[in-house]
Amino acid sequence: MAEVKKYSEEELVLLLQQKDQQAFSYLYDNYSAAMNGVIYRMVEDRELAEDILQEAFVKIWNNFSSYDTAKGRLFTWMLNITRNLTIDTLRSKGYKKQAKISGDENSVSNFTDDGRMAERFDAMGLRKQLLNLKPEQRSIIDLAYFNGYTQDEISKEMGIPLGTVKTRMRAAIIELRKMLEYS
Amino acid sequence: MNAQEIISSGILELYCTGLTSAVENAEVEQWVKQYPEVAAEIAAIQAGLEEYAQSHAIAPAPSVKEKLFAEINKTAASPVVNMNPSGSGTAKVYSIFTSLEVCGGSKYYFTVG
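Top to bottom, those sequences are chains C and S. Under numbering that gives the first Met the number 0, the residues of the first sequence are numbered 0 to 182, in order. Under numbering that gives the first Met the number 0, the residues of the second sequence are numbered 0 to 112, in order.
Below you can see the structure in the form of structure tokens.
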């Protein structure tokens with residue numbers, strides 16, 4: 000912890016392609032808590048979540064050559080791996096894929112969980128912003144992005160026609176982006 | 000469809016939240032190459048979602064990182080558990096790892112090579 004090096008996403012990608020462990024350590028420090036948060040929401044078991052997190056990072060390390068910057072941000076790719084691994088793990092363990100539909104507070108209530116939040120972020124400020132998202136807007140984002148639901152599953156879970164998933168998702172993400180654009 | 004029609008159709012939001020089919024993914028990835036506006040829109044959506052995920056962050060126990068680094072160094076010739084390595088020998092490790100890439104059935108892993 001003597002010096003904290005910062006990398007741009009481009010630098011990070013380049014170094015990770017060369018199997019640079021210091022860059023990997025940085026990657027872990029910056030993204031593990033967010034990924035762990037997603038996994039925890041899917042499995043609701045801290046130990047299992049951390050096991051999956053570790054396995055996900057091993058895969059990210061071993062498969063870094065398959066990351067293609069043209070397909071989007073690094074985190075998106077990492078989260079895809081993580082979400083698929085979590086779903087596979089839940090299936091192999093005989094768990095039923097279970098969603099937690101956000102109630103008014105539910106979706107952001109994990110903030111206070113154990114007090115072990117990532118403190119680099121202005122979590123409280125962000126939390127306040129996100130509370131302005133309507134519960135159904137959070138739900139549709141959460142079900143897809145955090146829980147890996149399909150359009151069909153979302154339509155059933157939320158009781159909305161399949162055809163409206165797209166328009167609802169767009170509206171929710173537009174709202175989310177509006178909310179995050181504070182500076 | 001032109002870039003604006005693509006953007007307002009909602010398909011990019013579905014793409015970024017993992018709700019599109021393989022065929023649709025290929026289509027979106029084609030548009031990304033074709034239209035800079037589409038690429039920019041996807042980057043903005045993903046950045047928003049990334050911040051959303053970060054707002055739900057839960058720090059894992061410190062032991063996870065130690066175990067992770069022990070694991071990735073396990074198959075190296077001379078195992079070094081080093082969280083801040085100088086970078087020596089990474090090329091050798093790389094070749095070992097590429098030959099060992101085994102991944103459980105996910106659609107995201109097949110592009111190795």
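Backbone N, C-alpha and C fix where the C-beta goes; we use that ideal spot for every residue, glycine too.
Three-way DSSP call (helix, strand, coil) for residue i in this model
{"i": "S/L18", "result": "coil"}
{"i": "C/R72", "result": "coil"}
{"i": "C/T163", "result": "helix"}
{"i": "C/D87", "result": "helix"}
{"i": "C/Y66", "result": "coil"}
{"i": "C/N29", "result": "helix"}
{"i": "C/Y6", "result": "coil"}
{"i": "S/Q29", "result": "helix"}
{"i": "C/K92", "result": "coil"}
{"i": "C/N131", "result": "coil"}
{"i": "S/G9", "result": "coil"}
{"i": "C/N146", "result": "coil"}
{"i": "S/E4", "result": "helix"}
{"i": "C/E180", "result": "coil"}
{"i": "C/A171", "result": "helix"}
{"i": "C/R115", "result": "Unreliable placement is indicated for C/R115, whose pLDDT of 41 sits below 50; the coordinate value is still reported in the next sentence. The answer is coil: DSSP assigns C/R115 none of H, G, I, E or B."}
Interface flag, residue i vs chain S, CB-CB below 9 Å
{"i": "C/Q136", "result": "no"}
{"i": "C/V12", "result": "no"}
{"i": "C/Y6", "result": "no"}
{"i": "C/V42", "result": "no"}
{"i": "C/G93", "result": "no"}
{"i": "C/N131", "result": "no"}
{"i": "C/M34", "result": "yes"}
{"i": "C/M157", "result": "no"}
{"i": "C/L52", "result": "yes"}
{"i": "C/E49", "result": "yes"}
{"i": "C/L179", "result": "yes"}
{"i": "C/L161", "result": "no"}
{"i": "C/L78", "result": "yes"}
{"i": "C/L175", "result": "yes"}
Limits of the unbroken alpha helix (DSSP H) element including residue i
{"i": "S/K66", "result": "61-73"}
{"i": "S/E36", "result": "35-53"}
{"i": "S/M0", "result": "That residue, S/M0, is in no alpha helix (DSSP H); it is neither H nor E in DSSP."}
{"i": "S/I57", "result": "Careful: S/I57 lies outside any alpha helix (DSSP H) and carries neither H nor E."}
{"i": "C/S138", "result": "134-140"}
{"i": "C/K155", "result": "150-157"}
{"i": "C/Q17", "result": "Unbroken run through C/Q17: none, as it is neither H nor E."}
{"i": "C/K58", "result": "45-61"}
C-beta neighbour in chain C for residue i, strict 9 Å
{"i": "S/A52", "result": "yes"}
{"i": "S/Q33", "result": "no"}
{"i": "S/V63", "result": "yes"}
{"i": "S/Q45", "result": "yes"}
{"i": "S/E12", "result": "yes"}
{"i": "S/I5", "result": "no"}
{"i": "S/E28", "result": "yes"}
{"i": "S/A60", "result": "yes"}
{"i": "S/E70", "result": "yes"}
{"i": "S/E49", "result": "yes"}
{"i": "S/A39", "result": "no"}
{"i": "S/A21", "result": "no"}
{"i": "S/A2", "result": "no"}
Own chain partners of residue i with C-beta closer than 6 Å, once the 5 adjacent residues on each side are dropped
{"i": "C/T88", "result": "I51"}
{"i": "C/Q136", "result": "A171, E174"}
{"i": "S/I6", "result": "E40"}
{"i": "C/R82", "result": "G147"}
{"i": "C/R40", "result": "F145"}
Spatial neighbours of residue i in its chain, beta-carbon cut-off 7 Å, leaving aside the 5 residues before and after
{"i": "C/Q53", "result": "none"}
{"i": "C/V164", "result": "Q150, I153, S154"}
{"i": "C/E43", "result": "none"}
{"i": "C/D103", "result": "Because C/D103 carries a pLDDT of 37, less than 50, the predicted location of this residue cannot be relied on, and the following value inherits that uncertainty. If we look at C/D103 and ignore the five residues flanking it on each side, its Cβ neighbours are P134."}
{"i": "C/I139", "result": "I153, M157, R167, M168, A171"}
{"i": "C/F23", "result": "L15, W60"}
{"i": "S/V31", "result": "V37, A38, I41"}
The ligand SAM heavy atom lying under 8 Å from the CB of residue i
{"i": "S/L13", "result": "Because no ligand of any kind appears in the structure shown, any question about the ligand SAM cannot be addressed here."}
Cβ neighbours of residue i in the same chain (closer than 8 Å, five flanking residues each side left out)
{"i": "C/F63", "result": "L15, Q16, K18"}
{"i": "C/R72", "result": "E8"}
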